[in-house]
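Structure record follows, encoded as structure tokens.
Protein chains: 4
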Amino acid sequence: MTDVINLASDNVAGAAPEILAAIASAASGRVPSYGGDDATRRLQERLSEVFERRVAAFPVPTGTAANSLALASFTPPWGAVLCHREAHVAVDECGAPEFFTHGAKLLLADGANGKLTPGTVAAALPDWRGDVHRSQPAILSLSQATESGTVYSPAEVGALAEAARGHGLAVHMDGSRFTNALVSQGCSPAELTWKAGVDVLSFGGTKNGCVMAEAVVFFDPDKAADFAFRRKRAGHLLSKMRFVSAQFEAYLADDLWLRLARNANARARQLADGLQALPGVELLYPVDANEVFVRLPAALSEGLRREGVVAAHWEGDIWRFVGAFDTDAATIETVLQRARRCVATTAG
Amino acid sequence: MTDVINLASDNVAGAAPEILAAIASAASGRVPSYGGDDATRRLQERLSEVFERRVAAFPVPTGTAANSLALASFTPPWGAVLCHREAHVAVDECGAPEFFTHGAKLLLADGANGKLTPGTVAAALPDWRGDVHRSQPAILSLSQATESGTVYSPAEVGALAEAARGHGLAVHMDGSRFTNALVSQGCSPAELTWKAGVDVLSFGGTKNGCVMAEAVVFFDPDKAADFAFRRKRAGHLLSKMRFVSAQFEAYLADDLWLRLARNANARARQLADGLQALPGVELLYPVDANEVFVRLPAALSEGLRREGVVAAHWEGDIWRFVGAFDTDAATIETVLQRARRCVATTAG
Amino acid sequence: MTDVINLASDNVAGAAPEILAAIASAASGRVPSYGGDDATRRLQERLSEVFERRVAAFPVPTGTAANSLALASFTPPWGAVLCHREAHVAVDECGAPEFFTHGAKLLLADGANGKLTPGTVAAALPDWRGDVHRSQPAILSLSQATESGTVYSPAEVGALAEAARGHGLAVHMDGSRFTNALVSQGCSPAELTWKAGVDVLSFGGTKNGCVMAEAVVFFDPDKAADFAFRRKRAGHLLSKMRFVSAQFEAYLADDLWLRLARNANARARQLADGLQALPGVELLYPVDANEVFVRLPAALSEGLRREGVVAAHWEGDIWRFVGAFDTDAATIETVLQRARRCVATTAG
Amino acid sequence: MTDVINLASDNVAGAAPEILAAIASAASGRVPSYGGDDATRRLQERLSEVFERRVAAFPVPTGTAANSLALASFTPPWGAVLCHREAHVAVDECGAPEFFTHGAKLLLADGANGKLTPGTVAAALPDWRGDVHRSQPAILSLSQATESGTVYSPAEVGALAEAARGHGLAVHMDGSRFTNALVSQGCSPAELTWKAGVDVLSFGGTKNGCVMAEAVVFFDPDKAADFAFRRKRAGHLLSKMRFVSAQFEAYLADDLWLRLARNANARARQLADGLQALPGVELLYPVDANEVFVRLPAALSEGLRREGVVAAHWEGDIWRFVGAFDTDAATIETVLQRARRCVATTAG
């Protein structure tokens, strides 16, 4: 029997050895709990360096927590969050943003390739500021990379942020795959965030090789005044915070985060190129980061399944394959060989 | 300079080697995310064995999350949670139970040594069931061990549960130090929980040697129907759940959990005995588990501080010392030597 | 100067003399507060007669309260309400349903003339029941009459309710203009509600001649077990409830409610017929109840404004005129005369 | 059979003729809905005159709504409201403050005669500002008159407000019986509120002769920026607001409010004096406003019940009698005659 190769998500992967070593190292000694430890303090410094600006950063255990706490910091209960119709915050978090904001609305905007444009943002923004009968738009949430595996350039983020600000909205970036988006472009973390107008970032580490490490990064620390209360009250203040902060420390050291994301992206590229060469395969979106969305002929998707290749079924004949931080080129080559075999068999 | 010895909390300790090894082992291979993995499935089996009954168990990252999600499962927004005036859920969670229950009330009851009694429970329970002007008591929350480091016997839990049921209340046990309470008594996990009338348990691993591992355990799985939605919606469904489930697997294997808790308790006992022998030291509560609350003469507390012994300042002249899973006897002996030296110096 | 004639809404009208008399009568004598009075008890009986079934009815002061409390009775915080994209609950209540449900989502469905169809309901209902990442659809909310002034027939309600039930949803009817919808069809209140599958009705009196009188009507009283707590907790339990119940008593006596609604509908019909005869005027939707939505040539809308005729500006060249319970035929004739004069002037 | 005389509450009374007339008058003509009418505009002016300062006033239908909306305007979800253990907001609103604040805590303080003192306020205020594990005290809520029928003098309010401000708290006054408290003292509305440090007042009219008329009054209109959204979202923005504003207009005209409250207070005084003269009757608190709390010998309470005198049973042998705006002296004299008759019979 052939080995199973699971490319359904980057969440099915484990963790990088450097991250595991950091957790083990962090275990020795006594340190203050609840984030009073040195590793957590150093994280503030390190992220301030990475983003070339003094930031306020708050580790949390999940991306849903990061997004919801970030959005709630800018959105009153009678407010609204504007996001893409496919955004994770809109369709994959069981209403977490509504829970953390105490019932704000999500306004859904359209856009090709999973990307909003200033035009679709403007179209979705109602003309009812101050109308007491209507929820008040408060923040724009961008996914970077998007749910379609595409990325926004700094210029695109800047144009969206400008459109948002023109309506009085703040800007959030859901960066559960931020590093994948970053390394696919020749820009700095600063250029992709606050320099382009982002107020708050969900900075994800889990999908890219950490065990459990997400952080909410405020580019204006003054906006974070209430955050510590919100986080504690939601059960997201970790008593042994050192174990998350240590993950981030290793993640951001020696360009580990960048190297892991580059690998994931390269594997997605490799896979996309190989699949596209096959008859009947249609790539749905540009492969800007580490996700590949394709239409597969039924014989091929069925054949791959039989051959032990696991992808995520999106809908109809659409499938998602994801490159992970530790997927190697040989594995992707094996997948492509299996795919070619399926095609050959079918054709025969 | 003498070494610093930090006994302020069991949260300042790291993690047991077995737990770290389990995390490292869990990192290899591809497994389904969000709890669809085998380790999480096995955890259900293992906890069902431990508690001698089919349970529904849900790993979460923090004790505050475990408590709040458990309470919210039994308490409508117009409900009330009855607990000790000093309970963690009442005074240490920044209103998390209120957040998760959407605004239920906490009714505070009294009791010596941090312990409720059927009498104080009855006294705190208003006679207003069905009165639409009043929040409706829905659940009794017991801390085991209590915030004073004492424990409830199975008989005591049973009597409290009976009092609660007489008023239509369910019973929750906040077991962030459940294992410490368990090993201090000659009873089984079942006897200390569902056999005594407990409906839902916050089963803590973090304080007792895990990195981050808590679980909500329902003794009647039918009561858990909504739990998965509540957990996801609160951002407490971990994408790489395997890393928490693996901790529990190691924790519950080969009696590790029991051994770690026994050590912590023994160290607290050792410390209490030694301190009590000193003039002017007053033990506040029975040392049933791993916490020691003492009044210290100012010269002694100040002397210990100078000697590098860190305790948690409770209030006035009251201090808390906590034995951890990995505190060794020699460390406690060193603390006692320093204490005796302080006393001798002062006396001289 | 000509008299101002305000047809912008039925909310701009006052109250019927019978309603005012009922309030005045209710003022004498001592009666239990908070709904313990006889008038409130009689209301249960009267509505049970009206709907030919034992109902549980709860007076509240506003339609937004009625809708939100009704929806919250069937929708958990992780649930979703399916409604028309234009529904009052979606766009005119500042997120009240989200507040009362503690953060449920509103799923917006399409449909011509403000009306949902089984097809648009099915299209909007996601295939994710039980998926913990998604809000769970819990109830369908129909506006009767709709926001476009159209009405659902009993058969249409029945088909929608059947589609809803097929997905496990309950059915709510926002009846702020229920009586207007009722009298426009030859059916009974029962046929338009529970016989067609409606579980809970927001039964409005305010727009149709009351001072302030709305009621939530449960067709299965067992579903109303928590309602009294929800209402009190939201500040909607009136201390002098008698004054609302008395309004309903008068409203439902001697067919007053039906007569008032028939008048409002007839005036809308009269106006629609007259306007339609004018060049350039386009009726947007069937005039099934008491609302008329029309496109008006700019010269005509401007002329009417100058002539003191007040309509509600909807958007672009679309205007709404509403017949009220006490609008008389002569007033509408005056409006039409002014409109004809505007047209004549412009043409000239 | 003797006539029933119900003195259980001021809520069991109807409404003053002037108020009923105002409602009837308000019914004629077309006016903008949702508070855009002239009567609502005039109310701002009138209350600004009454309080000698520009205020922002918001009519709402119930006292619970007024209190909860006022508290929520100053208290974040992680905040706490400090109030008397017996306060209406704590024990009579089914958790409405928790609902509107999204889960803030109520901290309960003690005090004789239902009154807080700077000392009991300080004792109840924890020393944990900024501690992320604790709810943060945000506002002090005073009941005026109190739940025991006593009143705070301007000096007492001032001292409490000063104590509150020293801990960073705002000050709310629950004035469901504000006018009763006002007329019992020789001071102005301003002296009893903002001049003494009150930020926001729940100004009640319903208990004192209105049908349904409460208002939230902000003494600093800048603090009211979000109020309109909160009110609408809670279903407390009335479409035919004119009918509440008109009640207030009549209530505040020609000293009606003061006259009605003076009558209610005088009747309570008359009753207290008469009852106190009877053997075995003990007055529990000073009768500062319109409520009388007394211990009654069982024979007397039973006798009064038989004689058709209805009081509210508080607990044990404690009963409450309330004078209403329209209770006349002869009625009280009749009650006293019946009481004396009971005593004579019993003695005999």
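Protein chains in written order, with this note's numbering: chain A, 104 to 451; chain B, 104 to 451; chain C, 104 to 451; chain D, 104 to 451.
In this text, a Cβ means the ideal position worked out from N, Cα and C, and glycines have one as well.
Check: For D140 (chain B), which residues from the same chain have a beta carbon less than 6 Å from its beta carbon, with the 5 sequence-adjacent residues on both sides left out?
Finding: Within the second sequence, residue 140 (chain B) is the residue found at index 37, counting from 1. Within the same chain, Cβ atoms closer than 6 Å to the Cβ of D140 (chain B) are found at V134 and R345, the five residues on either side in sequence being excluded.
Notebook entry, point to check: Rounded to whole angstroms, how far is the Cβ of A267 (chain D) from the Cβ of V274 (chain D), which I believe are closer than 8 Å?
Noted result: Numbered from 1 along the fourth sequence, position 164 holds the residue referred to as residue 267 (chain D). Numbered from 1 along the fourth sequence, position 171 holds the residue referred to as residue 274 (chain D). The pair is a contact, with the Cβ atoms about 5 Å apart (cut-off 8 Å).
Next item on the list: On the DSSP bridge assignment, give the partners of M276 (chain D) in chain order.
Entry: Counting from one through the fourth sequence, the residue named residue 276 (chain D) turns up at place 173. M276 (chain D) has D:L245 and D:L304 as its beta-bridge partners, per DSSP.
Note to self: I'd like to know whether the C-beta of V235 (chain D) is nearer than 8 Å to at least one C-beta of chain B.
What the structure shows: Here the question's residue 235 (chain D) lines up with position 132 in the fourth sequence. It does: the Cβ of V235 (chain D) has a partner Cβ on chain B nearer than 8 Å.
Item checked: Segments of 4+ residues assigned as alpha helix (DSSP H) that fall wholly inside the segment 346-388 of chain A -> The alpha helix (DSSP H) runs lying completely inside the segment 346-388 of chain A and spanning 4 residues or more are 359-379, given in chain order.
Next item on the list: Rounded to whole angstroms, what's the CA-CA distance from S112 (chain C) to L243 (chain B)? Just pull it up for me.
Entry: Residue 112 (chain C) sits at position 9 when you count from the first residue of the third sequence. Residue 243 (chain B) sits at position 140 when you count from the first residue of the second sequence. Roughly 52 Å separates the two Cα atoms.
Next item on the list: Report the residues of the segment 195-224 of chain B with a CB closer than 8 Å to any CB of chain D, ordered along the chain.
Entry: Within the segment 195-224 of chain B, the residues whose Cβ lies closer than 8 Å to some Cβ of chain D are D195, E196, C197, G198, E201, F202, T204, H205, G206, A207, K208 and L209, listed in chain order.
Notebook entry, point to check: Can you give, in chain order, each stretch of the alpha helix (DSSP H) that sits fully within the segment 292-336 of chain D and has at least 4 residues?
Noted result: Listed in chain order, they are 292-295 and 330-336.
Next item on the list: Find the nearest neighbour of E410 (chain B) within the set B:V384, B:L172 and B:R444, judged by alpha-carbon distance.
Entry: Position 307 of the second sequence, counted from the start, is the residue given in the question as residue 410 (chain B). Measuring from the Cα of E410 (chain B), the nearest candidate turns out to be B:R444.
Checklist line | Rounded straight-line distance, which links the Cα of A199 (chain A) to that of P262 (chain D) | finding: Taking the first residue of the fourth sequence as position 1, residue 262 (chain D) is located at position 159. Taking the first residue of the first sequence as position 1, residue 199 (chain A) is located at position 96. The sequence as given places Ala at residue 262 (chain D); Pro does not occur at that position. Going from the Cα of A262 (chain D) to the Cα of A199 (chain A) covers about 43 Å.
Notebook entry, point to check: Nearest chain B C-beta to S131 (chain A) closer than 8 Å, yes or no?
Noted result: Within the first sequence, numbered from 1, the residue matching residue 131 (chain A) stands at position 28. At least one chain B Cβ lies under 8 Å of S131 (chain A).
Next item on the list: Alpha carbon to alpha carbon, how far is W231 (chain A) from A168 (chain B)? Give it in angstroms, no decimals.
Entry: Against the second sequence, residue 168 (chain B) aligns to sequence position 65. Against the first sequence, residue 231 (chain A) aligns to sequence position 128. So the alpha carbons of these two residues sit roughly 38 Å apart.
Check: Using a C-beta to C-beta distance shorter than 9 Å, which residues of chain D count as neighbours of L341 (chain C)?
Finding: Here residue 341 (chain C) is taken as the residue at index 238 of the third sequence, counted from 1. Going along chain D in sequence order, the residues near L341 (chain C) (Cβ under 9 Å) are P164, T165, T309 and M315.
Check: Is the segment 314-322 of chain A in contact with the segment 289-306 of chain A, if contact means three or more CB pairs nearer than 8 Å?
Finding: Contact holds: three or more Cβ-Cβ distances are below 8 Å.
Margin query: Looking at the secondary structure, which residues open and close the alpha helix (DSSP H) in which R232 (chain A) lies?
Written below: Here the question's residue 232 (chain A) lines up with position 129 in the first sequence. Counted as a single uninterrupted DSSP element, the stretch harbouring R232 (chain A) is not any alpha helix (DSSP H), since DSSP gives it neither H nor E.
Notebook entry, point to check: Around the Cβ of A119 (chain D), are there at least 16 other Cβ atoms within 10 angstroms (buried) or fewer (exposed)?
Noted result: Counted from its first residue, the fourth sequence places residue 119 (chain D) at position 16. Buried.
Next item on the list: Have a look at C:C313, C:R441 and C:D323 and flag the residue whose alpha-carbon is nearest the alpha-carbon of V347 (chain C).
Entry: Here residue 347 (chain C) refers to the residue found at position 244 when the third sequence is read from its first residue. It is C:C313.
Notebook entry, point to check: Hey, would you say A207 (chain D) sits closer than 8 Å to T178 (chain D), going by beta carbons?
Noted result: Here residue 207 (chain D) refers to the residue found at position 104 when the fourth sequence is read from its first residue. Here residue 178 (chain D) refers to the residue found at position 75 when the fourth sequence is read from its first residue. Going by C-beta atoms, A207 (chain D) is nearer than 8 Å to T178 (chain D).
Check: Where do the ends of the beta strand (DSSP E) carrying F396 (chain D) lie?
Finding: By 1-based counting over the fourth sequence, the position of residue 396 (chain D) is 293. Element bounds for F396 (chain D): E394 to R398.
Item checked: Neighbouring residues, chain A, relative to K335 (chain B) (Cβ below 8 Å) -> By one-based count along the second sequence, residue 335 (chain B) stands at place 232. The answer, in chain order, is T167, E196, C197 and A199.
Margin query: Going by DSSP, what residue range makes up the alpha helix (DSSP H) through L210 (chain C)?
Written below: Walking along the third sequence from the start, residue 210 (chain C) turns up at place 107. Per DSSP, L210 (chain C) lies in no alpha helix (DSSP H) segment; the continuous beta strand (DSSP E) that holds it begins and ends at K208 to A212.
Check: For F424 (chain D), which option in D:P221, D:F322, D:D358 and D:L399 has the closest C-alpha, if you only look at C-alpha atoms?
Finding: Within the fourth sequence, residue 424 (chain D) is the residue found at index 321, counting from 1. Looking at D:P221, D:F322, D:D358 and D:L399, the one whose alpha-carbon comes closest to that of F424 (chain D) is D:L399.
Item checked: Cβ of P180 (chain B) within 8 Å of any chain D Cβ -> The count along the second sequence starts at 1 and reaches residue 180 (chain B) at position 77. P180 (chain B) belongs to the set of residues whose beta carbon lies under 8 Å from a beta carbon in chain D.
Checklist line | From B:V115, B:C197, B:C290 and B:A226, residue whose alpha carbon lies closest to that of V260 (chain B) | finding: Position 157 of the second sequence, counting from 1, holds the residue named residue 260 (chain B). Comparing Cα-Cα distances from V260 (chain B) to each of B:V115, B:C197, B:C290 and B:A226, the minimum goes to B:C290.
Next item on the list: Could you check the C-alpha separation between L89 (chain B) and V115 (chain C) for me, to the nearest Å?
Entry: The requested residue 89 (chain B) does not occur in the structure, where chain B is confined to residues 104 to 451.
Item checked: Nearest residue (CA-CA) to L381 (chain B), options B:Y137, B:T448 and B:E148 -> By 1-based counting over the second sequence, the position of residue 381 (chain B) is 278. Ranking the options by Cα distance to L381 (chain B), first place goes to B:T448.
Note to self: I'd like to know whether the C-beta atoms of A253 (chain D) and G217 (chain D) end up nearer to each other than 8 Å.
What the structure shows: Locating residue 253 (chain D) in the fourth sequence gives position 150, counting from the first residue. Locating residue 217 (chain D) in the fourth sequence gives position 114, counting from the first residue. In the sequence on display, residue 253 (chain D) carries Thr and not Ala. The answer is yes: Cβ separation under 8 Å.
Item checked: Cβ-based neighbour list, A293 (chain A), same chain, cut-off 7 Å, excluding 5 preceding and 5 following -> For the purposes of this step, residue 293 (chain A) is identified with residue 190 of the first sequence, where counting begins at 1. For A293 (chain A), the CB contacts under 7 Å within the same chain, skipping 5 residues up- and downstream, are F154, E155 and R156 in chain order.
Note to self: Does chain A have any CB closer than 8 Å to the CB of A111 (chain C)?
What the structure shows: On the third sequence, position 8 is the one that residue 111 (chain C) refers to. No, because no Cβ of chain A sits closer than 8 Å to the Cβ of A111 (chain C).
Check: How do the segment 390-409 of chain A and the segment 236-251 of chain A stand: do at least 3 beta-carbon pairs fall below 8 Å, yes or no?
Finding: Contact holds: three or more Cβ-Cβ distances are below 8 Å.
Note to self: Going by beta-carbon coordinates alone, are Q147 (chain B) and F332 (chain C) separated by less than 8 Å?
What the structure shows: Within the second sequence, the letter at position 44 stands for residue 147 (chain B). Within the third sequence, the letter at position 229 stands for residue 332 (chain C). No, these two residues do not count as a Cβ contact at 8 Å.
Note to self: I'd like to check one pair, E201 (chain A) with E201 (chain C): are the Cβ atoms closer than 8 Å?
What the structure shows: One-based indexing of the third sequence puts residue 201 (chain C) at position 98. One-based indexing of the first sequence puts residue 201 (chain A) at position 98. Yes, the Cβ-Cβ distance between E201 (chain C) and E201 (chain A) is below 8 Å.
Check: Since F203 (chain A) and A175 (chain A) are thought to touch, with beta carbons under 8 Å apart, how far apart are those beta carbons, to the nearest angstrom?
Finding: In the first sequence, counting from the first residue as 1, residue 203 (chain A) sits at position 100. In the first sequence, counting from the first residue as 1, residue 175 (chain A) sits at position 72. Indeed, because the Cβ distance is near 4 Å, the residues count as touching under 8 Å.
Next item on the list: Go to F161 (chain A), then tell me how far its beta strand (DSSP E) extends in each direction, as first and last residue.
Entry: As a first step, residue 161 (chain A) must be located in the first sequence, where it is residue number 58. In the DSSP assignment, F161 (chain A) falls within the beta strand (DSSP E) that extends over A159 to V163.
Next item on the list: Apply the 10 Å Cβ neighbour rule to D277 (chain C) and answer buried if 16 or more other Cβ atoms are within range, or exposed otherwise.
Entry: Your numbering for residue 277 (chain C) matches position 174 in the third sequence. It is buried - the Cβ of D277 (chain C) has at least 16 other Cβ atoms within 10 Å.
Checklist line | Beta carbon of R362 (chain C) nearer than 8 Å to that of L407 (chain C) | finding: Counting from 1 along the third sequence, the entry for residue 362 (chain C) is found at position 259. Counting from 1 along the third sequence, the entry for residue 407 (chain C) is found at position 304. No; because the gap between Cβ atoms is not below 8 Å, this pair is not in contact.
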